[in-house]
Amino acid sequence: MLPPRDPQLGHEVFSHILPFHLIWSAGGTLESVSASVRRLWGLREDEMPVIRLERPFSAKLNAAWFGELTGMVLTLSCQSAPSRPLRGEIIVLPDGRWLLCALPPMGRVADLEHAGLKLSDLPLHSGLGDALIAAEAAHVSLEESQAALHRLEKVNRSLSEVNAAFGRFVPRQFLEALGIKSPLDATLGTRATTQTAVLFADLRNFTSISERMETRDIFAFINRYLENVAPCIRNNDGFVVHYLGDGILALFQGHPGNALQAAAEMQAAIRKAVAGDLRTSGLPADFQFTLGIGLHFGRIEMGIVGESGRWDCSVISDTVNTAYRVEGLTKTFGAEVLFTGQFEERLPENASFKYRRLGRIRIKGRAEKVNIFESLDALPPSVGALRISSAQMFSEALAAFETGDMPAAALGFQRCLATDPSDVAAQHYLDRCTVDPESI
Amino acid sequence: MYGMVNQAVRGLVVDRFGIQTWTRIHSEAGAPENFSAMQPYEDSVTYNLVGKAVEVLGLPAESILHAFGEYWVLEIATKHYGTLMNSTGRDFADFLANLDHMHQRIRVTFPNYQPPSFRVKPLDTTTLQVDYYSHRPGLLPFVEGLFTGLGRHFSETVTFEHLADSAHQLPCKRMLVRHVAAA
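The structure is reproduced here in structure tokens:
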């Protein structure tokens, strides 16, 4: 560092190299304030400023600290211009005086104007002017990037909402089963084969009742009904493939126990809703809420069907038809939830589901008779308890019926009805004890 | 503080305790899920995160702050600002001596940056007297973590001896920092 009184360079050259400087005597008396500092702080020619230290700590500057502050970056301000600080270092000169060489701290070109300076007031060799211009360019880029980022976030939010809305029409699990991660990857004809439990539910007699209702009342009722029962499917790892008016077609890709649990919960939910506010305006007062549910397990084909202008997700399978037919049997047997032998075989052995076999039943569209079971968990608790207590009697009567021992079967079904007069299945068989079992 | 500090808090929690723990900490602290490195955040965001981390992780604040400091140097600074690190110093002592300068130079890029100040005075080849000035209370363990991380970065082992405030005149925390080549 050149001393300011260097006879060869002179004060003018020194001030050009270090325009913002202050000099204290070895004893700590402020001797000299450069013209640039005077201009920055608005000082008269002969005025000596009251200086505060702002960094590394805030206090009125005490020259006694200079020795402890050398090597640090200091920020100083003038009491009369506190918003125009200087930042720099204190150096001890060979003659013992203290020199502060500094610059106004700046981050943007606009800070120059705030400090009452021009770009040319900054020494070229300091590089500060170059840095300010570079920073200005970076800030412009950053602002553009942030604006682009905000636009992108807005588009992303919109896309997420579209995706969520799309997912309400096409179940995510359906696409996953097809190996499709994004709806954009779906193509016409994409298909997959899988083994799964199928649930078909239908609100009995609603179609005929709905003919007497206003369209808006039909929609209001169906949505309220679905709002009560459909979550039972979702909560048991199933998903709805189609709503068919008041009908529901759902798949369960986990173990079939989930489907049986969902069916029992759906019946409980509808009973609770009937006791609550399920009856909407326009619904005939004599309408009896009876939900029939059929369950089957088997192979299904899932895929995207349609033509270029209209696609749909679809399930094509005899398994679905069977679940539909089994649901139809609930009316015959006065049951709430029925399932097939193929479904029963896949229930976990240690599961605590309560059910009874209703016999081998002929189902439309199938060559062989199918074993049908009735869930007792899905019944109202009081009815379920009666069916459980008569289950052994029913089983023995059914065995007699299937071996053609009609007197024993009739006696057994009569005993079942004595225990539970509402047992429609027992009555159904009792009525047929005189006919050939093969006709059932 | 700038987002890069909070990024270290997030990174450490996610790396060591999992994303679910971070989700709990940031949501209960009312802090964002993620941070932009170049964006300034209120100091209270960092303090709240540390406070909530203490509660959720069941660890003392000093341990957490120390771990954050070490993580910041080793996982954030060296990986994202390696060039700047290299240009600041060639070894631990050299780096610390130039730390104040480096902090001040990056203020052009981070105009709201309010870094702490360090005065480093070598006492011998393995001992530095470090004066730490900061308007932010309670972050001395964080600084120790930073220095420990720096030591590991330069393959040096760092230990600390804190001197009483009554031993000097200035409003700083004075410590003796010993650094030796790691075994």
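Chains as they are written, first to last, in my numbering: chain D, 3 to 442; chain E, 2 to 184. Yeah, the Cβ is synthetic: ideal placement off N, Cα and C, and Gly gets one too. The structure displayed is predicted, hence computed values, not measured ones.
Contact between R358 of chain D and F396 of chain D holds: CB atoms are separated by about 6 Å, below the 8 Å threshold. The secondary-structure analysis by DSSP pairs L24 of chain D across a beta bridge with D:V35 and D:L102. Of all alpha-carbon atoms in D:K62, D:R57 and D:G129, the one lying nearest the alpha-carbon of L20 of chain D is that of D:G129. Boundaries for V109 of chain E: no beta strand (DSSP E) harbours it, and the DSSP string shows neither H nor E there. Taking a Cβ-Cβ threshold of 7 Å, the residues of chain E close to G109 of chain D are R108, V109 and P112, in chain order. With contacts defined by Cβ atoms closer than 8 Å, L55 of chain D and L76 of chain D form a contacting pair.
For F355 of chain D, no beta strand (DSSP E) run applies, since DSSP gives it neither H nor E. Residues of chain E with a Cβ closer than 9 Å to the Cβ of F59 of chain D are, in chain order, S118, Y134, H136, L171, P172 and C173. Y133 of chain E: member of the beta strand (DSSP E) spanning T128 to Y134, first to last residue. Looking at E:F155, E:G31, E:V55 and E:P61, the one whose alpha-carbon comes closest to that of D92 of chain E is E:F155. Contacts with chain E at 8 Å (Cβ-Cβ) do not include A117 of chain D. The C-alpha of V15 of chain D lies about 33 Å from the C-alpha of D95 of chain E. When CB distances to chain E are screened at a threshold of 8 Å, the residues of the segment 75 to 95 of chain D falling below it are V75 and R89, in chain order. When the Cα atoms are used, G284 of chain D and A275 of chain D turn out to be separated by approximately 17 Å. Residues of the segment 154 to 174 of chain D with a Cβ closer than 8 Å to any Cβ of chain E: none. Scanning D:L190, D:P106, D:D219 and D:G367 for the CA closest to the CA of S310 of chain D turns up D:L190. By the C-beta criterion, the segment 315 to 328 of chain D is judged to be in contact with the segment 283 to 303 of chain D, since at least 3 inter-stretch pairs fall below 8 Å. Using beta-carbon distances, A112 of chain D does not count as an interface residue toward chain E, since no partner is under 8 Å.
One alpha carbon belongs to A62 of chain E, the other to I25 of chain D, and they sit about 45 Å apart.
Separation of the CB atoms of A264 of chain D and I235 of chain D is rounded to 5 Å, and the pair is thereby assigned contact status at 8 Å.
Assigned with DSSP and collapsed to three states, N373 of chain D falls in strand. Contact annotation, F345 of chain D with H298 of chain D: C-beta distance approximately 6 Å; criterion of less than 8 Å satisfied.
For G181 of chain D, the three-state secondary structure derived from DSSP is coil.
Closest by C-alpha distance to N238 of chain D, out of D:G249, D:I220, D:L251 and D:P258, is D:P258.
With contacts defined as CB atoms closer than 8 Å, A428 of chain D and L419 of chain D qualify as a contacting pair.
The bridge partners DSSP lists for C435 of chain D come to none.
Think of a sphere of 9 Å around the beta carbon of G300 of chain D: no beta carbon from chain E falls inside it, the nearest being about 39 Å out. In the structure shown, D48 of chain D adopts coil according to DSSP, grouped into three states.
DSSP places E157 of chain E within a strand segment (E or B) once states are collapsed to three.
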